[in-house]
Amino acid sequence: MASFSRGLSCHVGLSSSVSGSLAAGMFRAPPSQASHTSLAHILRTRTFSTASVMHAKYKSPKKRPSPYAKPEFADSKSAVPSKIIVPPSFPKRATKAQPATPSSQPGSATTTFAAPSSPSPATAARPLPKPFTTPVPLSTYAEQLGLRSAPTLLYEAPSHTWYRFITISLGVTFITYSVLNYWDIYLNAPKDILWWVPYAFAGICAFMAAFGAYMFRGTHGIVRTIQAVPTARIQQLCGNSAASQAAAIIKNAGLTPETAPIVLELKVGRMVPVLPPRKRYVLPGALTLPTRLASAGLSESATGAFGAKPAAVASLKDRVLSRRAEEERKRTAREYEMNHLMTAPFRHAGQGASTAWKHVMRAFSHEGFMRATEQTTGKRHKIDITGGWALDNGRALDRLVTVFDDE
93 MASFSRGLSC
103 HVGLSSSVSG
113 SLAAGMFRAP
123 PSQASHTSLA
133 HILRTRTFST
143 ASVMHAKYKS
153 PKKRPSPYAK
163 PEFADSKSAV
173 PSKIIVPPSF
183 PKRATKAQPA
193 TPSSQPGSAT
203 TTFAAPSSPS
213 PATAARPLPK
223 PFTTPVPLST
233 YAEQLGLRSA
243 PTLLYEAPSH
253 TWYRFITISL
263 GVTFITYSVL
273 NYWDIYLNAP
283 KDILWWVPYA
293 FAGICAFMAA
303 FGAYMFRGTH
313 GIVRTIQAVP
323 TARIQQLCGN
333 SAASQAAAII
343 KNAGLTPETA
353 PIVLELKVGR
363 MVPVLPPRKR
373 YVLPGALTLP
383 TRLASAGLSE
393 SATGAFGAKP
403 AAVASLKDRV
413 LSRRAEEERK
423 RTAREYEMNH
433 LMTAPFRHAG
443 QGASTAWKHV
453 MRAFSHEGFM
463 RATEQTTGKR
473 HKIDITGGWA
483 LDNGRALDRL
493 VTVFDDE
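First residue of the sequence shown? That's 93 in the numbering used here, and the numbers climb one at a time after it.
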């Protein structure tokens with residue numbers, strides 16, 4: 093009990109002395125009272141130290157000092173710090189060093205942590221990719237066909253069996269008539285006829301013979317097929333004779349096999365059907381057409397001049413629709429044929445007579461042909477546009493040859 097009273101009196105005395113010193117420190121002491129100022133400074137320092145010790149005894153476990161703590165000053169009037177708290181060194185994640193920024197407080201110290209630089213996976217050197225060759229697009233359609241390993245069929249004529257039979261038959265008939273009449277009436281004229289009759293029949297025979305020759309001429313120069321042959325493989329595909337002809341026309345045109353990638357091969361029929369067709373080799377630009385082949389609509393047998401369909405369609409969608417319509421028409425005709433077998437012979441006979449009559453008209457008029465001319469030799473060939481087949485409805489051949497409509 094006595095010790096408790098003694099401690100309490102000491103604490104009260106200490107508190108009263110501190111209060112007095114604080115009250116005295118609120119006013120600026122004159123220079124003559126330096127001793128009182130020193131005493132107040134000692135009491136204030138001791139009071140702060142006692143409070144710090146009591147706080148440290150009952151506070152939570154010690155924490156790591158913050159690196160941003162303000163420095164402690166020995167005197168409130170002094171601008172020089174007596175102690176700077178520097179944070180201890182501990183591992184830190186590697187970051188890029190940033191330039192130090194000036195502090196707003198005078199005398200404050202700034203510490204910058206910079207980790208050693210190491211190349212990141214994103215910026216590490218990678219092996220360069222292997223060089224590759226970009227395919228160069230071909231400039232012309234002829235060069236694309238020249239890279240193929242086989243000839244490209246561009247045009248195929250329809251069957252001319254009826255046309256040849258009728259044309260040759262009429263030609264033989266007219267020539268036979270002219271020969272017989274010339275022999276009987278002009279050379280061996282009867283004695284009881286007038287003098288001018290043999291001369292008149294001579295003129296008639298000459299006219300009939302010329303008309304028969306005109307009929308025979310109708311089967312001459314009809315193109316059967318047109319195909320594009322690669323110049324680099326023409327000897328392997330067509331033989332030595334074709335290779336020599338192609339080399340001659342390329343040389344005469346002042347070109348080389350590199351600048352002339354393809355040569356057009358035309359198979360032209362003869363007047364006598366049993367003889368094989370003649371083969372003509374010409375450069376694509378040297379073959380001229382009076383109009384575009386695509387305007388004839390060469391897609392089925394019933395097209396062109398004798399067909400009900402108009403000129404070639406313009407778009408791929410229209411061509412697909414036209415093909416579907418043609419397939420539907422054939423399917424319907426097939427169903428009708430199978431459901432009416434008794435009248436089939438009469439229908440077929442009527443179709444044959446109609447076809448024969450059309451070819452008779454063609455034999456007299458020579459209609460349904462397009463003239464194709466070789467500019468180098470002047471030879472003229474006939475392309476049948478009443479039927480047959482053409483690549484891309486004739487557009488492929490139009491892209492290669494010279495068309496007068498484009499000039």
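C-beta: ideal position from N, C-alpha, C; glycine also.
Ends of the beta strand (DSSP E) at residue i?
i    : result
H473 : 472-476
Could you tell me the alpha carbon to alpha carbon distance between residue i and residue j, rounded to whole angstroms?
i    : j    : result
G480 : Y278 : 47 Å
V495 : A234 : 16 Å
K359 : N280 : 46 Å
I296 : M363 : 25 Å
L489 : R463 : 14 Å
H451 : S336 : 39 Å
H440 : E419 : 20 Å
R240 : A445 : 44 Å
A403 : R370 : Annotation note: pLDDT 41 at A403 (below 50); position unreliable, coordinate value reported separately. Each residue's Cα considered, the two are about 30 Å apart.
M300 : L272 : 11 Å
L367 : A339 : 26 Å
T244 : K422 : 28 Å
M500 : A436 : With the chain covering only 93 through 499, there is no way to say anything about residue 500.
I318 : P382 : 17 Å
T478 : R454 : 11 Å
D476 : V315 : 8 Å
R491 : W275 : 55 Å
Name the one or two DSSP bridge partners that residue i has.
i    : result
T380 : T465, T494
K371 : K359
E248 : T317, W481
I341 : Note: I341 sits in no beta bridge, so no partner.
P322 : I354
Within the continuous alpha helix (DSSP H) that includes residue i, where are the two ends?
i    : result
E350 : It is not in any alpha helix (DSSP H) - E350 carries neither H nor E in the DSSP assignment.
A234 : 233-238
The ligand SAM and residue i: does any heavy atom of the ligand fall closer than 6 Å to the residue's C-beta?
i    : result
G263 : Judged by which ligands are present, the structure shown has none, so any question about the ligand SAM falls away.
Are the stretch 313-331 and the stretch 289-298 in contact at 8 Å, needing three or more beta carbon pairs? no
What residue ranges within the stretch 425-464 form continuous alpha helix (DSSP H) runs of no fewer than 4 residues, ordered along the chain? 436-457
Start-end ranges of the alpha helix (DSSP H) lying completely within the stretch 254-318, minimum 4 residues: 289-309
Examine the Cβ distances between the stretch 253-267 and the stretch 302-322 and report whether three or more of them are shorter than 8 Å. yes
Would you call the stretch 336-346 and the stretch 455-466 in contact, with 3 or more CB pairs under 8 Å? no
Determine, using beta-carbon pairs with one atom in the stretch 263-274 and one in the stretch 232-249, whether at least three such pairs fall under 8 Å. no
At a cut of 8 Å, does the stretch 348-357 reach the stretch 463-475 through at least three beta carbon pairs? no
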